[in-house]
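Encoded as structure tokens, the structure appears first; notes follow it.
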Amino acid sequence: MVKKVFLAAAASLILASATMTMAPAPAMAFSGCHKAAKAMYPHDRKARKAYKKHCKAHHKAWKKAHKKHHLFGK
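Residue 8 is where the sequence shown starts when you use the working numbering, and the numbers rise one by one after that.
If you want it as structure tokens, here you go:
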């Protein structure tokens, strides 16, 4: 009886953690600035454009800050 209770508890914990990790935020479900903007602002074109512009600038700044230094200058 005790063994069944422990197995049931373990199975419920595994299922609960799997469902929590598989449910991303709507904007995070897509990759790229365009798809993220469209997910966040589906009916507001101006807000989508502003968000996309901000996202691209953020991406460029991150890319520049994390630039890898290659031996031959690539």
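Cβ coordinates follow ideal geometry from the N, Cα and C atoms, glycine included.
Within the same chain, and ignoring the five residues on either side of K63 in sequence, the residues whose Cβ sits closer than 8 Å to its Cβ are C40. Following the DSSP letters along the chain, one finds H61 inside the alpha helix (DSSP H) bounded by residues 52-72. Following the DSSP letters along the chain, one finds M47 inside the alpha helix (DSSP H) bounded by residues 40-47.
For the 8 Å CB-CB criterion, A44 and K59 form a contact. Note on R55: 16 or more other CB atoms within 10 angstroms of its CB, so buried under the neighbour-count rule.
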